[in-house]
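Novice:
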Amino acid sequence: MATELVENKLKLLPEKPGCYLMKDINGTVIYVGKSKNLKNRVRSYFKSKQVGRRAELVKEIRDYDIITVSTDKEAFLLEITLIKKYQPYYNVQLKQGTGYPYIEITNERDPQTKLTSVIHKDKGYYFGPYPNVYAAQATLKFIQKVFPLRRCNGHQGRPCLYYHMGQCLGACFKNVPQKEYDDQIKRIKRFLNGDIASVKQDLIQRMEEASADLEFERAAEIRDQLKYIEETVEKQKIISNDNTQRDIFNFYVDKSWLSVQIFFLRQAKLLRRETKVFPLTEENEPEDEFTSFIVQFYGQRNRVLPKEILVPEGIDNEDLSEILHVPVRTPQRGQKKALLEMAKENAKLKLDDKFRLLELGNRKTKGAQKEIFDALGLPYGHVIESFDHSHIQGADPVSALVVFKDGEPDKTSYRKYKLKGEVEHQNGGDELRNTREVVRRRYGRLLREHKKMPDLILMDGGQIQVEACEDVLRNELNLNIPVAGMVKDDKHRTNHLLFGDPINGEAFKLIPLDPKSQGFYLMTRIQDEVHRFAITFHRRTHAKNALSSRLDEIKGIGPKSRNKLLREFGSLKKIKEASIDDLRNAGLTLTQAQSVKLTL
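Residue numbers (numbering that gives the first Met the number 0): 0 to 599.
1) DSSP on residue 30, reduced to helix/strand/coil?
2) DSSP on residue 501, reduced to helix/strand/coil?
3) Which term fits residue 47, buried or exposed, when burial requires 16 or more other beta carbons within 10 angstroms of its beta carbon?
4) Which same chain residues end up closer than 6 Å to residue 456 when comparing Cβ atoms and leaving out the 5 residues on each side of it in sequence?
5) Apart from the five residues on each side of it in sequence, which residues of its chain come closer than 7 Å, Cβ to Cβ, to residue 469?
6) Tell me the rounded alpha-carbon separation between residue 594 and residue 161.
7) For residue 276, would you say it is in contact with chain D, using Cβ-to-Cβ distances shorter than 8 Å as the test?
8) From the DSSP output, in three-state form, read off residue 162 for me.
9) Going by C-alpha distance, which of 464, 417, 431 and 477 is nearest residue 446?
10) Assuming residue 329 and residue 53 are in contact, meaning their beta carbons sit under 8 Å apart, how far apart are those beta carbons, in whole angstroms?
11) Is the distance from the Cβ of residue 439 to the Cβ of residue 407 below 8 Å?
12) State the Cα-Cα distance for the pair residue 182 and residue 176, rounded to the nearest angstrom.
13) DSSP puts residue 258 in a beta bridge; with which residues?
14) Write down the C-beta distance between residue 167 and residue 154 rounded to the nearest angstrom, noting that I regard them as a contact closer than 8 Å.
15) Where do the N-terminal and C-terminal ends of the beta strand (DSSP E) with residue 18 fall, by residue?
16) According to DSSP, what are the bridge partners of residue 481?
17) Does the separation of the CB atoms of residue 388 and residue 396 fall below 8 Å?
18) Would you say the stretch 334 to 347 touches the stretch 448 to 466, given that touching needs at least three Cβ pairs under 8 Å?
19) Classify residue 215 as helix, strand or coil using the three-state DSSP reduction.
20) Look at residue 81 and residue 100 and say whether their C-beta atoms are less than 8 Å apart.
21) Beta carbon of residue 204, beta carbon of residue 306: below 8 Å?
22) What does a CB cutoff of less than 8 Å around residue 4 pick up in its chain, not counting 5 residues either side in sequence?
23) What are the complete alpha helix (DSSP H) segments, minimum 4 residues, inside the stretch 285 to 356?
24) Is the beta carbon of residue 437 less than 8 Å from the beta carbon of residue 412?
25) How long is the line joining the alpha carbons of residue 208 and residue 224, rounded to whole angstroms?
26) May I ask you to report which of helix, strand or coil DSSP gives residue 520?
27) Is residue 65 helix, strand or coil by DSSP?
28) Since residue 443 and residue 464 are thought to touch, with beta carbons under 8 Å apart, how far apart are those beta carbons, to the nearest angstrom?
29) For residue 9, which of helix, strand or coil comes out of DSSP?
30) Kindly indicate the opening and closing residues of the alpha helix (DSSP H) around residue 101.
31) Should residue 147 go down as buried or exposed, given a rule of 16 or more other Cβ atoms within 10 Å for buried?
32) Looking at the unbroken beta strand (DSSP E) that takes in residue 415, where does it start and where does it end?
33) Do residue 382 and residue 532 have their C-beta atoms closer together than 8 Å?
34) Could you tell me how far apart the beta carbons of residue 374 and residue 512 are, in whole angstroms, since I believe they sit closer than 8 Å?
35) From residue 321 to residue 327, what distance separates their C-alpha atoms?
Okay, here's the thing in structure tokens:
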């Protein structure tokens, strides 16, 4: 049901194309849509009966804004921009980047090959993405051995180890001619673009020359490289008759859900595939949502456009091509059309699987989270955050934050905090100061960055921790986020939630959850997860600090030298095993290196 504010605004809607931004009770944008006629579209949210995902959305809407434009195409482009800016909960939630590495040939005077997960506009050459990290690492090692560029840090007045191994062209001690780099880069690009035959022919010739010169170890090494090419690079089936980098998109719609399948063709082979399944909240045609998805897909930080994109019939290829600056085509026959049909079939199979799992998944995740909110008498919320502290008799205090969205851990949102205060082990007085510190830092930052607050905070502790959290939220930050404590019994088993807000006149009370319910299971899972995360972080911090203290005791080792050792070796064991030369290469003087060896 629309609020009075929304009812009044509905009367003023223009019959023009544009975008609308739906907002929740906190003023957060939770959905962005576009329409050829804003009056008809926005009114339909509140004047028509809604079901499924759209009904969930409408329940949360408390206000909206509109932006009018001149044409449908402008509305489409504006929608993409607004979704990227606000990241609304009910729009398509795409991950930032593929999560897969690329092989990069850097754009430098002395270039190098390396793995990277971030694409920069630096005129470097990028190949990938590679779905198997180990395969990408093996491919890079192969390139560095067979087609060396630079593997050292640059000019150092003497040849580096890699130069002696034949894996560096010598930027470490001489001026490498530009033509030598250019020729090598051509070979690497040819290899990564699928021209394996010339590489094999070259290796076979070098293997035969090594055998003729009785260099049998060298010949065996080249033989292993040939075997690697045959087993990995040539292993994938050739499925295209050209080497054009090509992405293929198709979709399938059923029960107001859209399934998108993407095939990535590189070097005439199907390098990998990706599927996205999401509910439709719009009344747009599925083709419009599909087109919007493609533009958002390539609008992300870590996406590299191919040379060509294939889409099914019914898509405005010209507009899409103009927006992406890449040819967008619809094949009518042959192998490309068959691949497009295969993508559609895979999209359908993925959606069928989704329907089979959806009911069970919702009951165990979103349903479990709903049980917690219902027990506390709160409207359903999507995001729960939980804190826990860890220390050893006051040493190296840390705090950890875990985030659960609709009953599932959102590990990319987890945060770790090194605390400034120290814990007094006897009375735990500064435990509360640590609670205040981490709550202040977390939600003060969200306020400064204008980010959405969680719907519930769960503290791993009793009334004292809950009160400390609420004190900072209510009296310092002016926030009204609900806070509950996860309370253990005398056998250290969680059995109740503690909930109340005395600052706002609401007394604390213990709220039991059925131990056999999904809500109880989720609560204990959150508690176990935040405890695990805090303990793991503390162990690493404590070990690093203990190592720092040990290094500080060595005569002649100051903070700068200590940090050099930590960066280079990372553990006491590795520092002990390091030679004098290793220590000096890390930046120590001969006297300092000798002092470290003698002391440890």
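We put the CB at the ideal spot given by N, CA and C, even for glycine.
Specialist: Taking the structure as given:
1) Secondary structure at residue 30: strand, using DSSP grouped into helix, strand and coil.
2) helix
3) Residue 47 comes out exposed.
4) 384, 480 and 482
5) 482, 500 and 502
6) Going by the C-alpha atoms only, they are around 29 Å apart.
7) Here there is only one protein chain, and chain D is not present.
8) helix
9) 477
10) In this structure residue 329 is not in contact with residue 53, their Cβ atoms being roughly 30 Å apart against a cut-off of 8 Å.
11) No. Outside cutoff.
12) 10 Å
13) According to DSSP, residue pairing for residue 258 in a beta bridge involves 251 and 276.
14) Rounded, the Cβ-Cβ distance is 12 Å, inconsistent with contact.
15) 17 to 22
16) According to DSSP, which records beta bridges pairwise, residue 481 is partnered with nothing at all.
17) yes
18) These segments do not touch.
19) helix
20) no
21) no
22) Only 61 and 62 meet the Cβ criterion.
23) 285 to 297 and 316 to 323
24) Cβ distance not < 8 Å, so residue 437 and residue 412 don't count as in contact.
25) 15 Å
26) helix
27) strand
28) That pair is no contact at about 18 Å.
29) helix
30) Run containing residue 101: none in the alpha helix (DSSP H); it sits in the beta strand (DSSP E), 101 to 104.
31) buried
32) Annotation for residue 415: the continuous beta strand (DSSP E) segment containing it runs 414 to 417.
33) no
34) The C-beta distance from residue 374 to residue 512 rounds to 6 Å, short enough to fall under 8 Å.
35) Take the alpha-carbon of residue 321 and the one of residue 327: they are about 9 Å apart.
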